[in-house]
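Chains as they are written, first to last, in my numbering: chain A, 161 to 295; chain B, 161 to 295.
For reference, the structure discussed in these notes is given below.
Number of protein chains: 2
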Amino acid sequence: MNGQFQIAIHILTLLDHANGELLSSEYIAGSININPALVRKEIRNLRNYGLINSKEGKTGGYSLGKAPDNIVLADVYKAVKSHPALGQAKNLPNPACAVGRQINQHLDALAAEVDTAIISKLTKITLADFSQKFK
Amino acid sequence: MNGQFQIAIHILTLLDHANGELLSSEYIAGSININPALVRKEIRNLRNYGLINSKEGKTGGYSLGKAPDNIVLADVYKAVKSHPALGQAKNLPNPACAVGRQINQHLDALAAEVDTAIISKLTKITLADFSQKFK
DNA sequence: TGTACTGTAACTTTTTTAATTACAGATGAA
DNA sequence: TTCATCTGTAATTAAAAAAGTTACAGTACA
């Protein structure tokens, strides 16, 4: 996986600390040390999951979409996840081989089990729990 | 993460099915449908962890380094793992920001917890368990 | 001494991710 | 009204990572 999860958590933690006050993408980008456009792109996704509210215009900015003790880190994981955590092979195994013919289905099932374990773990941690460490 | 884990499991499953008979990198590559040199490269790593034996020379090839019910998938995961499953941000957060200053340490701790959960899950599954699905 | 393997390095290509730039649209204030 | 300051988004470029390729030395058996 890439650094999307970390970026997302960073954004959400900042928003929690802002206590409802709107933060701009530029401010957020300054804390993370990345490009503001990248922040907005990431936020677009998180907003689609209801985790962030945005306001346009001159006094616009971002705030949390839910109370921080109502957001679990699994929500964030699901929002940013594009591939199974175990990885994904890009080869096309040989169908003439007894193992090659069926392995992808078994590997996929295994990857799903692992993802379930991760989500189970991350369901027990709220954004409030995480964010509290900085207070 | 990438597809190394899948490749590794594929190799080990093939070796288990070979029942001690040596398989060549070319044969293995044929089943996975990748380059033989890539197979050898991956095997070099697995051999360092004692999971595979290799024999050089004309009648050379590969075999399992341990009994399949003595290999757990967590061994394989540890052998191929290069990054935490949650991913890793490459930015350097702003130390002038209360959140940015400490977030990496907390994110790292979180990533470690998740990895522990994965390993715990994969410790319960042996290569024999997995490989059996193909018999 | 030839053949068929492994071991490994160097290199190229492809894919993915991150960063950048640009600008339209929205909103509030002078 | 019109300017300033935001967000929203697309298009592009740059950088990094992964995968694939090629080549050849080293080893062991026949």
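Where is the CB? At the ideal position from N, CA and C, for every residue including glycine.
Just so it is clear, the structure is predicted and the values come from calculations on it, not from any experiment.
Span of the beta strand (DSSP E), counted from its first residue to its last, around residue i
| i | result |
| --- | --- |
| B/S214 | 212 to 215 |
| B/G221 | 221 to 224 |
Contact set for residue i: own chain, Cβ-Cβ below 8 Å, skip 5 residues either direction
| i | result |
| --- | --- |
| B/G210 | G225, K226 |
| A/D176 | L224, P228, L287, A288, S291 |
| B/V274 | P244, A245, L246 |
Which listed residue (the options) has its alpha carbon closest to that of residue i
| i | options | result |
| --- | --- | --- |
| B/I212 | B/L174, B/D289, B/I285, B/K284 | B/L174 |
| A/Q248 | A/I231, A/N264, A/K201 | A/N264 |
| B/G217 | B/L246, B/S191, B/L183 | B/L183 |
| B/V259 | A/F290, A/E181, A/Q164 | A/F290 |
| B/G190 | A/I278, A/H266, A/R261, A/A272 | A/R261 |
| B/A256 | A/I192, A/S214, A/D176, A/L267 | A/I192 |
| B/I169 | A/G163, A/K293, A/F294, A/L270 | A/L270 |
| B/D297 | B/I279, B/P244, B/K284, B/I278 | Nothing about residue 297 of chain B can be read from this structure; chain B reaches only from 161 to 295. |
Where the alpha helix (DSSP H) through residue i begins and ends
| i | result |
| --- | --- |
| A/G260 | 258 to 283 |
| A/T173 | 164 to 178 |
| B/Q248 | Neither: B/Q248 is in no alpha helix (DSSP H) and is coded neither H nor E. |
| A/E186 | 185 to 192 |
| A/Y237 | 233 to 240 |
Neighbouring residues, chain B, relative to residue i (Cβ below 8 Å)
| i | result |
| --- | --- |
| A/I212 | Those within 8 Å of A/I212 in chain B number zero; the least Cβ separation is about 16 Å. |
| A/K226 | The contacting residues do not exist; A/K226 stays about 19 Å from chain B at best. |
| A/N193 | N251, L252, P253, N254, G260 |
Cutoff 7 Å; reference residue i; Cβ partners in own chain excluding five residues on either side
| i | result |
| --- | --- |
| A/D229 | T286, A288 |
Chain-ordered neighbours of residue i on chain A, where CB pairs are closer than 7 Å
| i | result |
| --- | --- |
| B/G247 | M161, N162, G163, Q164, F165, Q166 |
Status (buried if at least 16 other CB within 10 Å, exposed otherwise) for residue i
| i | result |
| --- | --- |
| A/P130 | Residue numbering for chain A in the displayed model covers 161 to 295; residue 130 of chain A lies beyond these limits and cannot be assessed. |
| A/K281 | buried |
| B/Q166 | buried |
| B/E181 | exposed |
| A/G163 | buried |
| B/E202 | buried |
| A/A239 | buried |
| B/G220 | exposed |
Amino acids of chain A, ordered along the chain, whose beta-carbon sits closer than 8 Å to that of residue i
| i | result |
| --- | --- |
| B/E273 | K281 |
Spatial neighbours of residue i in its chain, beta-carbon cut-off 6 Å, leaving aside the 5 residues before and after
| i | result |
| --- | --- |
| B/Y237 | L282 |
| A/S242 | none |
Proximal residues of chain B, C-beta to C-beta of residue i below 7 Å
| i | result |
| --- | --- |
| A/A277 | A277, I278, K281 |
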